[in-house]
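**Student:**
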Amino acid sequence: MNANFEELHRRKRELLEKFKIEKDSAENKQLWEALPASERVKYAKWYFEYCQREIDAIDEEIKDIKTKRREKL
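Mapping of the sequence shown onto the working numbering: position 4 corresponds to residue 279, and the numbering continues sequentially without gaps.
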């Protein structure tokens, strides 16, 4: 169960890292800037919501693991 807990935290860290703009490559930046503003807004909103759902799911799994640990004690 500890490995699963650590894996969840690792996945959450990776998702949160994706929000850091400075990590983008120059090529990705050029592709992004070539999109019309309306497309960038739509894509950014979709991606943010996707990551937020993933983070929420991970948080829920972490909460379940912690609850199960407390029940065993």
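Beta carbons: idealized from backbone N, C-alpha and C, even for Gly. None of the values given here were measured: they were computed from a predicted structure.
Please name the residue, chosen from E289, K347, A278, that lies closest to E329 on a Cα-to-Cα basis.
**Tutor:** Here the question's residue 329 lines up with position 54 in the sequence shown. It is E289 whose Cα lies nearest to the Cα of E329.
**Student:** Please report the distance separating the alpha-carbon of E308 from that of K287.
**Tutor:** Position 33 of the sequence shown, counting from 1, holds the residue named residue 308. Position 12 of the sequence shown, counting from 1, holds the residue named residue 287. Computed Cα separation, rounded: 27 Å.
**Student:** Taking the Cβ atom as the reference point for each residue, do I333 and N279 lie within a distance shorter than 8 Å?
**Tutor:** By 1-based counting over the sequence shown, the position of residue 333 is 58. By 1-based counting over the sequence shown, the position of residue 279 is 4. No, Cβ-Cβ distance for I333 and N279 is not below 8 Å.
**Student:** Report the three-state DSSP secondary structure of L291 (helix, strand or coil).
**Tutor:** As a first step, residue 291 is located in the sequence shown; it is residue number 16 there, counting from the start. Helix.
**Student:** Using only the alpha-carbon positions, how far apart do R421 and L291 sit?
**Tutor:** Outside the shown range of the chain, which is 276 to 348, sits residue 421, and nothing can be said about it.
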